[in-house]
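Engineer: Here the sequence shown is numbered in my numbering, starting from 141 and rising by one per residue.
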Amino acid sequence: MTRWAMVADLERCVGCQTCTAACRHSNATSPAVQWRKVLDIEAGTYPNVSRVFVPVGCQHCADPPCMHVCPTTATRQRADGIVTIDYDLCIGCAYCEVACPYQARFLIHEPHFAYDAATQNEIERSDPTRFGVAQKCTFCSDRVDFGIENGLTPGIDPRATPACVNACIADALHFGDVDDPNSNVSRLLREQRSFRMHAELGTNPGFHYLYGKTNDPEPESGHTAPEAALVDGQLRTRGVEPSQQKHWDWKAAGNFICGGIGSGLFVFSAVASLRYDDFAPLGWAALGFVALGLFLVLLKIGRPLRFIYVLRQSQRSWMAREAWIAAVFFPLAGLALWSQVPALLIAAAIVAMLFLYSQAMILKEAKGIPAWRILWVVPLMFATGMAEGSGLFLAATAQLVAFRPLVELVAVVAIALAALRAWIWRYYQAALEGEGAPTRTFAVLHDYKPWFFIAGLALPSALIVAGVAMAMAPAVLFVIAGFSIAAAGVVLKFILVTRAGFNQGFALNHTPVRGAGIAGSAVKPGWSMS
141 MTRWAMVADL ERCVGCQTCT AACRHSNATS PAVQWRKVLD IEAGTYPNVS
191 RVFVPVGCQH CADPPCMHVC PTTATRQRAD GIVTIDYDLC IGCAYCEVAC
241 PYQARFLIHE PHFAYDAATQ NEIERSDPTR FGVAQKCTFC SDRVDFGIEN
291 GLTPGIDPRA TPACVNACIA DALHFGDVDD PNSNVSRLLR EQRSFRMHAE
341 LGTNPGFHYL YGKTNDPEPE SGHTAPEAAL VDGQLRTRGV EPSQQKHWDW
391 KAAGNFICGG IGSGLFVFSA VASLRYDDFA PLGWAALGFV ALGLFLVLLK
441 IGRPLRFIYV LRQSQRSWMA REAWIAAVFF PLAGLALWSQ VPALLIAAAI
491 VAMLFLYSQA MILKEAKGIP AWRILWVVPL MFATGMAEGS GLFLAATAQL
541 VAFRPLVELV AVVAIALAAL RAWIWRYYQA ALEGEGAPTR TFAVLHDYKP
591 WFFIAGLALP SALIVAGVAM AMAPAVLFVI AGFSIAAAGV VLKFILVTRA
641 GFNQGFALNH TPVRGAGIAG SAVKPGWSMS
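(1) Give the range of the alpha helix (DSSP H) segment to which Ser166 is assigned.
(2) Return the CA-CA distance between His363 and Ser190, expressed in angstroms with no decimal places.
(3) Quick check on this structure: which residue in Gly155, Ile296, Met459 has the alpha carbon closest to the alpha carbon of Val196?
(4) Alpha helix (DSSP H) containing Trp390: first to last residue?
(5) To the nearest angstrom, how far is it from the Cα of Leu292 to the Cα of Lys177?
(6) Can you round the beta-carbon distance between His338 and Ala647 to whole angstroms, since I take them to be within the 8 angstroms contact cut?
(7) Do you know whose CA, among Trp563, Tyr351, Ala303, lies nearest Gln157's CA?
(8) Where do the ends of the alpha helix (DSSP H) carrying Val154 lie?
(9) Who pairs with Val619 in a beta bridge, going by DSSP?
(10) Taking only runs that begin and end inside the region 197 to 228, name each unbroken beta strand (DSSP E) of 3 or more residues, in chain order.
(11) Buried or exposed, going by whether 16 or more other CB atoms sit within 10 Å of the CB of Ser170?
(12) Give the secondary structure of Ile263 by DSSP, where H, G and I count as helix, E and B as strand, and everything else as coil.
(13) When you compare only the Cα positions, how much space is there between Asp285 and Pro294?
(14) Hey, how far is the Cα of Phe470 from the Cα of Leu439?
(15) Are Thr213 and Gln453 close, meaning C-beta to C-beta below 9 angstroms?
(16) Rank Cys201, Pro482, Leu328, Glu182 by C-alpha distance to the C-alpha of Gly342 and give the top, closest one.
(17) DSSP has Pro195 in a bridge; who is on the other side?
(18) Keeping to the same chain, check which residues put their C-beta closer than 6 angstroms to that of Gly316; ignore five residues upstream and five downstream.
(19) Would a C-beta distance cut-off of 9 angstroms place Cys206 and Cys240 closer than the cut-off?
(20) Just to confirm my understanding: we take Ala412, look at its own chain, exclude 5 residues before and 5 after, and list those with CB closer than 6 angstroms. What are they?
(21) Nearest CA to the CA of Gly629: which residue from Ala393, Val209, Ala274?
(22) May I ask which residues mark the beginning and end of the beta strand (DSSP E) holding Lys353?
(23) Mind checking which residues open and close the beta strand (DSSP E) that includes Ser334?
(24) CB-CB under 7 angstroms to Glu524, same chain, minus the five flanking residues each way: which ones, in chain order?
(25) State the start and end residues of the unbroken alpha helix (DSSP H) segment that holds Leu313.
(26) Classify Pro345: buried if its beta carbon has 16 or more other beta carbons within 10 angstroms, exposed otherwise.
(27) Taking 7 angstroms as the limit between beta carbons, can you name the residues of its chain near Asp297, skipping five residues before and five after?
(28) Residues in its own chain within less than 6 angstroms of Trp512 by CB, not counting five upstream and five downstream?
(29) Look at Glu573 and Phe582 and say whether their C-beta atoms are less than 9 angstroms apart.
(30) Return helix, strand or coil for Trp696, following the three-state DSSP convention.
(31) Are the Cβ atoms of Tyr186 and Gly508 separated by less than 9 angstroms?
(32) So which of Arg143, Ile263, Glu151, Ala162 has the shortest CA-CA distance to Val223?
(33) So for Gln384, helix, strand or coil by DSSP?
(34) Which value, in whole angstroms, describes the spacing of the CA atoms of Ala369 and Ala148?
(35) I'd like the span of the alpha helix (DSSP H) that includes Ala476, first residue to last.
(36) What are the boundary residues of the alpha helix (DSSP H) that Thr278 is part of?
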């Protein structure tokens, strides 16, 4: 077998960015994207401060999370380990971008030029097939394939080697087959110490970093704790520390919000319809919420006319599964509401909960966002959707005097769901603290926490207790309580998706030895670890 890999020697890289320029020229990429870039990092504390330059890009993982989440099969992995993107299949949903822990994928919707206007070269080399779709480093697979077809050795013969490797002035970048023990890269990995970025995530990246000779004594280290590398922004870490993801905005958050509200509201409407005949309108409203959420996704994706492609990859992608479940849910729920057949109502309610679960799993599989990939996000999203639905159902039915016993029962269930949501929220945060996450993620969640408990649990609990205790309690108590429970869930999802969604950032397990014989500190700026 063959697995192509890149090796970067951190002792040699001088940060000249020649590899970046060569990549841009060879692949005609836009100034708005960088398939290959070099990080400039300072680490340590004065006077033991070290500076290191780190080439980064697509890691061509053996277990690529971007490929697993892709709903259209646009992202694929070749037999030689190179991960590719089919621009004709990609819909621009950006799921792969939030799943990538290396910030290696880009999505632009219009041309960008190096100057105020396009140069003739940019006009001639502009590739419209890349607009509105994901793009990334390809390991110059066209050059690799050309070389193999013509009997050349990739990594040795320049015509068969990635442009960035050919252009490196310091001989810091190397390319070859890591499955061949006699290859150039295998020899380097035997002779020198190496690590792979974010290896703890289990992606098995195909990009290795060298930081010292294996036959040298283990160097004295300036620091050992990776989170200690950032001291209140005093060191140069811009572009290295986690940044807020911009791929999924309010429209993506709106899908989770509307999907949760619609699913939860439909479940309560369907259950109530088993005994009463007056709740079908709420069921139709629930379908409207789910449809609105999916419409917001349609507005978000880069190639909306290809939306049907989302059904291609239900074997692996939870986004594709969400689409398939929705395709079953709408006709089944519509038929159930129209016919009022109990078996159909129950079946539709179960499918609604499956839809809610699929949305929770979409976040869980986004491996590039630490706040989302925690297992506890699944029960949190599920409980939040059910609580939102119960809150709106309570608010909508509170003024129906004839259904006072039902209203009080729903009120108790709504408070129970709100309490369950708060309990899960507590364990979610504890799990996040245990696994570690960007410090700014914790700051965002900490600011929201008191308002969540007040509006999402304390206030509605007090109102519902008062409403149930009073024989002639005004309906407005239940209305406010219901809206408060639902609103807390809406804000929670919006905050989680658009405010707390900081990416993985970059990290170095080791930095190279300098003249003093002291290794620099490990670097993982902007993180809080347990």
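For each residue, glycine too, the CB sits at the ideal point set by N, CA and C. As the structure is a prediction and not an experimental result, all values here were calculated from the model.
Structural biologist: Reading it off the structure:
(1) Locating residue 166 in the sequence shown gives position 26, where the first residue counts as 1. 158 to 167 is the extent of the alpha helix (DSSP H) around Ser166.
(2) The residue you call residue 363 lines up with position 223 of the sequence shown. The residue you call residue 190 lines up with position 50 of the sequence shown. Low confidence applies here, because His363 scores a pLDDT of 43, under 50, leaving its location unreliable; read the following figure in that light. Whole-angstrom Cα-Cα distance: 11 angstroms.
(3) For the purposes of this step, residue 196 is taken as residue 56 along the sequence shown, with counting starting at 1. Looking at the Cα atoms, Gly155 is the closest of the given residues.
(4) In the sequence shown, the residue the question calls residue 390 occupies position 250. Taken as a continuous stretch (DSSP letters only), the alpha helix (DSSP H) holding Trp390 covers 390 to 413.
(5) Sequence index remark: in the sequence shown, residue 292 carries index 152 (1-based). Sequence index remark: in the sequence shown, residue 177 carries index 37 (1-based). Those two C-alpha atoms are separated by around 27 angstroms.
(6) Translated into the one-based positions of the sequence shown, residue 338 becomes position 198. Translated into the one-based positions of the sequence shown, residue 647 becomes position 507. Under the criterion of beta carbons closer than 8 angstroms, His338 and Ala647 qualify as touching, at roughly 6 angstroms.
(7) As a first step, residue 157 must be located in the sequence shown, where it is residue number 17. Among Trp563, Tyr351, Ala303, the Cα nearest to that of Gln157 is on Ala303.
(8) Here residue 154 refers to the residue found at position 14 of the sequence shown. Taken as a continuous stretch (DSSP letters only), Val154 belongs to no alpha helix (DSSP H), as it is neither H nor E.
(9) Counting from 1 along the sequence shown, the entry for residue 619 is found at position 479. Partner(s): none; Val619 has no beta bridge.
(10) Taking 3 residues as the shortest admissible run, the region 197 to 228 contains the following complete beta strand (DSSP E) segments, listed from N- to C-terminal end: 215 to 217, 223 to 225.
(11) By one-based count along the sequence shown, residue 170 stands at place 30. Buried, by the Cβ-count rule.
(12) Numbered from 1 along the sequence shown, position 123 holds the residue referred to as residue 263. Collapsing the DSSP output to three states places Ile263 in a helix.
(13) Here residue 285 refers to the residue found at position 145 when the sequence shown is read from its first residue. Here residue 294 refers to the residue found at position 154 when the sequence shown is read from its first residue. Looking at the backbone, the Cα of Asp285 and that of Pro294 are separated by about 9 angstroms.
(14) In the sequence shown, the residue the question calls residue 470 occupies position 330. In the sequence shown, the residue the question calls residue 439 occupies position 299. Between Phe470 and Leu439, the C-alpha separation is close to 20 angstroms.
(15) Working through the sequence shown from its first residue, we reach residue 213 at position 73. Working through the sequence shown from its first residue, we reach residue 453 at position 313. With respect to Gln453, Thr213 sits close: the two C-beta atoms are nearer than 9 angstroms.
(16) Against the sequence shown, residue 342 aligns to sequence position 202. Looking only at Cys201, Pro482, Leu328, Glu182, the smallest Cα-Cα distance to Gly342 is reached by Cys201.
(17) For the purposes of this step, residue 195 is taken as the residue at position 55 of the sequence shown. In the DSSP output, where bridge partners are listed per residue, Pro195 has Val178.
(18) Taking the first residue of the sequence shown as position 1, residue 316 is located at position 176. Around Gly316: Gly295, Ser323, Asn324, Val325.
(19) Taking the sequence shown and counting its residues from 1, the one referred to as residue 206 is at position 66. Taking the sequence shown and counting its residues from 1, the one referred to as residue 240 is at position 100. Yes, they are a contact pair.
(20) On the sequence shown, position 272 is the one that residue 412 refers to. Result list for Ala412: Phe419, in chain order.
(21) Walking along the sequence shown from the start, residue 629 turns up at place 489. Here the closest residue by C-alpha is Ala393.
(22) Locating residue 353 in the sequence shown gives position 213, counting from the first residue. Lys353 -> beta strand (DSSP E) spans 347 to 353.
(23) Working through the sequence shown from its first residue, we reach residue 334 at position 194. For Ser334, the enclosing beta strand (DSSP E) begins and ends at 332 to 335.
(24) Your numbering for residue 524 matches position 384 in the sequence shown. According to the sequence as given, residue 524 is Thr; it is not Glu. Contacts found: Gly400, Arg561, Gly629, Leu632, Lys633.
(25) Position 173 of the sequence shown, counted from the start, is the residue given in the question as residue 313. In the DSSP assignment, Leu313 falls outside any alpha helix (DSSP H) and lies within the beta strand (DSSP E) extending over 313 to 317.
(26) Within the sequence shown, numbered from 1, the residue matching residue 345 stands at position 205. With 16 or more Cβ atoms within 10 Å of its Cβ, Pro345 is classed as buried.
(27) Here residue 297 refers to the residue found at position 157 of the sequence shown. The beta carbon of Asp297 lies closer than 7 angstroms to those of Gly287 in the same chain, with the five residues before and after it left out.
(28) For the purposes of this step, residue 512 is taken as the residue at position 372 of the sequence shown. So the qualifying residues of the chain are Leu503, Ala506.
(29) For this step, residue 573 is matched to residue 433 along the sequence shown. For this step, residue 582 is matched to residue 442 along the sequence shown. It is a contact, given that the beta carbons lie within the stated cut-off.
(30) Residue 696 lies beyond the range of the chain shown here (141 to 670); nothing can be said about it.
(31) For this step, residue 186 is matched to residue 46 along the sequence shown. For this step, residue 508 is matched to residue 368 along the sequence shown. Their beta carbons are not under 9 angstroms apart, which means Tyr186 does not touch Gly508 by this criterion.
(32) Your numbering for residue 223 matches position 83 in the sequence shown. For Val223, the nearest C-alpha among the options comes from Arg143.
(33) Numbered from 1 along the sequence shown, position 244 holds the residue referred to as residue 384. Of the three classes helix, strand and coil, the one that applies to Gln384 here is strand, per DSSP.
(34) Start at 1 with the first residue of the sequence shown, and residue 369 comes out as number 229. Start at 1 with the first residue of the sequence shown, and residue 148 comes out as number 8. Note on Ala369: pLDDT 42, under 50, position unreliable in the model; the coordinate value appears next. So the two alpha carbons sit approximately 21 angstroms from each other.
(35) The residue labelled residue 476 in the question sits at position 336 within the sequence shown. 458 to 479 is the span of the alpha helix (DSSP H), which, as asked, contains Ala476.
(36) Position 138 of the sequence shown holds residue 278. No alpha helix (DSSP H) contains Thr278, which DSSP labels as neither H nor E.
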